[in-house]
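Presented below is the structure to which this report refers.
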Amino acid sequence: MNELLSWLLDTVQSVDPVLRTLLAGGAIILETSILIGLVVPGDTIVIVAATAVSSPLEGVLLGVSVVVGALVGESIGFWIGRWLGPRIRASRLGARIGEANWERSERYLRRRGGPAIFLS
Numbered sequence: 005m006n007e008l009l010s011w012l013l014d015t016v017q018s019v020d021p022v023l024r025t026l027l028a029g030g031a032i033i034l035e036t037s038i039l040i041g042l043v044v045p046g047d048t049i050v051i052v053a054a055t056a057v058s059s060p061l062e063g064v065l066l067g068v069s070v071v072v073g074a075l076v077g078e079s080i081g082f083w084i085g086r087w088l089g090p091r092i093r094a095s096r097l098g099a100r101i102g103e104a105n106w107e108r109s110e111r112y113l114r115r116r117g118g119p120a121i122f123l124s
């Protein structure tokens, strides 16, 4: 197990810091926009990338990349939902969910949508 971790850390440290930072930001974009995070959690990629940070500047740039990636990913997810939401509701999947559940979720979002989205 120690050999595996040593190999992983050595491999991560051998990646160019700019590329490592961009990959971490990209992982967060994918996690927050199109649910890739269910398969490969972006948080894990960020933590692994952070193990190779060797200066305060690299740490700050990694943090900025992750925050920007999260904002971009959430925005993409919003627009995907806005575009696909009505189509999903009208589909067979939407019918299986049921109109009552759609209406209940809309009431919840009207009442508590802002804080719920902020906390997510």
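Just add 4 to the spot in the sequence shown (first one is 1) and you have this note's numbering.
Don't be surprised by glycine CBs; every beta carbon is placed ideally from N, CA and C.
4 or more residues per run - each alpha helix (DSSP H) lying fully within the region 60-109:
60-94 and 96-101
Taking C-alpha atoms, which residue in Arg24, Val22, Ser79 and Ala104 lies nearest to Phe122?
Indexing the sequence shown from 1 puts residue 122 at position 118. It is Ser79.
Taking Ala53 as part of the alpha helix (DSSP H), name the residues at either end of that continuous run.
Translated into positions along the sequence shown, residue 53 becomes position 49. Per DSSP, Ala53 belongs to the alpha helix (DSSP H) from Gly46 to Ala54.
Determine the DSSP secondary structure at Ser58, reduced to helix, strand or coil.
In the sequence shown, residue 58 corresponds to position 54, counting from 1. In this structure, Ser58 counts as coil in the three-state DSSP scheme.
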